[in-house]
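Enquirer:
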Amino acid sequence: MMHWLRRACSLSVLGVAVAATPFVLSSVPARAFFHDTPDIEGGRAIYAARCASCHGANLEGQPDWQSAREDGTYPAPPHDETGHTWHHGDAMLRDYIRRGGQAVLDDMGVDFTSGMPGFGDELTEDDIEAVLAYIRSTWPDRIRAAQAERSQLEAGSP
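Right, dumping it as structure tokens:
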């Protein structure tokens, strides 16, 4: 009798676990099952929709991006290897996209006027990571390596 009861309880627990699996799995980002592979194509699409109007369809930035406008802001810089995006670590880039340039620079005590808006209300963390993965995918190996090193230093890892 105990054997039958134990088996019935085991099957009940198994049934609940199987029934709950779709709910648990649906809350886990799909990329977790693919070893955290960035979604470069998704990032390209998000970049085209949200970033290209200022930073250029080919990541080329706006003309004269290193010269201030009359209002003190600078034109959007390029995100290709000719720009300075790769001079910053991932954490800062994520924060810049999420909160906008001025908020980040103010927190850092940098006296600079940024025209970069924040996209934290419009883009998920996965969206932001996908955009950065797309941008990084266009850089030559030596620049990707330099930016990865900056990211590690920024994160406190040697």
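In mature numbering (1 follows the signal peptide of the UniProt record, and there is no 0), the protein residues as written are -19 to -1, 1 to 139. Where a beta carbon is used, it is the ideal one built from N, C-alpha and C, also for glycine.
Please state whether the Cβ-Cβ distance between A114 and G24 is less than 7 Å.
Expert: Yes, they are a contact pair.
Enquirer: Grab the span of the alpha helix (DSSP H) containing residue 142 for me, first residue to last.
Expert: With the chain covering only -19 through 139, there is no way to say anything about residue 142.
Enquirer: With burial defined as no fewer than 16 other Cβ atoms inside 10 Å of the residue's Cβ, what is the status of V66: buried or exposed?
Expert: According to the sequence shown, residue 66 is Thr rather than Val. Buried: at least 16 other Cβ atoms inside 10 Å.
Enquirer: May I ask you to report which of helix, strand or coil DSSP gives E103?
Expert: It is coil, neither helix nor strand.
Enquirer: In angstroms with no decimal places, state the Cα-to-Cα distance between G99 and D122.
Expert: Approximately 29 Å between the Cα atoms of the pair.
Enquirer: Report the three-state DSSP secondary structure of H60 (helix, strand or coil).
Expert: Residue state, collapsed to three classes: coil.
Enquirer: Could you tell me the alpha carbon to alpha carbon distance between Q133 and I27, rounded to whole angstroms?
Expert: Whole-angstrom Cα-Cα distance: 26 Å.
Enquirer: Please report the distance separating the alpha-carbon of D61 from that of D107.
Expert: C-alpha separation (whole angstroms): 21 Å.
Enquirer: Please check the pair L86 and S95, which I expect to be a contact at CB under 8 Å, by giving their CB distance rounded to whole angstroms.
Expert: So it is a contact: roughly 6 Å between Cβ atoms.
Enquirer: If we call anything under 7 Å between Cβ atoms a contact, is residue 145 one with P58?
Expert: Since the first residue of the chain shown is -19 and the last is 139, residue 145 is not available in this structure.
Enquirer: So what's Q128 in DSSP terms, helix, strand or just coil?
Expert: It is helical.
Enquirer: Should G70 and R31 be called a contact, given that it needs their Cβ atoms to be closer than 7 Å?
Expert: Against a cut-off of 7 Å, the Cβ pair of R31 and G70 comes out as no contact.
Enquirer: Below 8 Å on the Cβ atoms is my contact criterion, and I expect A72 with A136 to pass it. Report the Cβ-Cβ distance as a whole number of Å.
Expert: Indeed they touch by this definition, with Cβ atoms about 6 Å apart.
Enquirer: Counting along the chain, where does the alpha helix (DSSP H) carrying R80 start and finish?
Expert: Element bounds for R80: 71 to 80.
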